[in-house]
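Under the numbering used here, the residue at position 32 of the sequence shown is numbered 57, and the numbers go up by one with no gaps. To keep things clear, I will list the structure first and then write my remarks on it.
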Amino acid sequence: MANIKSAKKRIKIINKKTARNVRVKNHVKEAIKAFLTAVVEGDVAEAEKTFRVVEKKLMQAAAKGVFHKNTASRKISRFERKLNALKNGNVTEEPVKKAAKKAEAVEETVVSASMKKDELLAIAKERGIEIPSRATKADIIEAIEAK
């Protein structure tokens, strides 16, 4: 905790600015999510409407110093490209969900003899492999690699 009066004041100011930045970033994220949802659904009218909102929110955030001006411009440009692709009939890919990424990571987990038996059992369970209760590490590794 600060002892000097000016340091205490700076802490108050920083807390206020942080709260404002978090609030503004949340508004921007909500607008972006609405835009991306409209793009994924293929709704051109809704995408155009939400794009204008996203552009406005990003430029306001840049003006307040939450984002750098170039960052806001770059994001707007990328969203505008998505909107133009939607207008031209180009199909855009759906955003990859975190759960799908996590599932891929589980599948790609490298099994090695240096892992503990509990870790190997957890990997086998995630992959839906039944392991006998008295199985050795070698048996577990063999069962995982076989599948």
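A virtual CB, placed ideally from N, CA and C, is assigned to each residue, including glycine.
query = Are any of the Cβ atoms in chain D nearer than 7 Å to that of A88?
reply = Absent from the structure: chain D. Only one protein chain is present.
Straight-line gap, S139 to N113 (C-alpha atoms, nearest Å) = As a working note, residue 139 is residue 114 in the sequence shown. As a working note, residue 113 is residue 88 in the sequence shown. Their Cα atoms are separated by approximately 53 Å.
message = Measuring straight from C-alpha to C-alpha, what distance separates L83 and I101?
response = On the sequence shown, residue 83 is found 58 positions in, with the first residue counted as 1. On the sequence shown, residue 101 is found 76 positions in, with the first residue counted as 1. Whole-angstrom Cα-Cα distance: 8 Å.
task = Would you mind sorting A149 into buried or exposed? The rule is 16 or more other CB atoms within 10 Å of its CB.
result = The residue labelled residue 149 in the question sits at position 124 within the sequence shown. Under this definition A149 is a buried residue.
ask   = DSSP state of K89, grouped into three classes?
value = The residue given as residue 89 occupies position 64 in the sequence shown. In the structure shown, K89 sits in coil (DSSP, three-state: anything other than H, G, I, E or B).
task = Express the C-alpha separation of F60 and L111 in angstroms, rounding to a whole number.
result = Here residue 111 refers to the residue found at position 86 of the sequence shown. Here residue 60 refers to the residue found at position 35 of the sequence shown. In a straight line, the C-alpha of L111 is about 12 Å away from that of F60.
query = Can you give the Cα-Cα distance for G153 and V69, rounded to whole angstroms?
reply = By 1-based counting over the sequence shown, the position of residue 153 is 128. By 1-based counting over the sequence shown, the position of residue 69 is 44. Computed Cα separation, rounded: 42 Å.
query = Between the C-alpha atoms of F76 and K42, what's the straight-line distance to the nearest angstrom?
reply = As a first step, residue 76 is located in the sequence shown; it is residue number 51 there, counting from the start. As a first step, residue 42 is located in the sequence shown; it is residue number 17 there, counting from the start. Looking at the two C-alpha atoms, the distance is approximately 27 Å.
query = Can you tell me whether DSSP reads N95 as helix, strand or coil?
reply = Position 70 of the sequence shown, counted from the first residue, corresponds to residue 95. Helix at N95.
query = For E55, which of V78, E73 and N46 has the nearest alpha-carbon?
reply = Position 30 of the sequence shown holds residue 55. Measuring from the Cα of E55, the nearest candidate turns out to be V78.
key: C-alpha distance - A171 paired with E66, whole-angstrom precision   = To locate residue 171, count along the sequence shown from 1; it is residue 146. To locate residue 66, count along the sequence shown from 1; it is residue 41. So the alpha carbons of these two residues sit roughly 40 Å apart.
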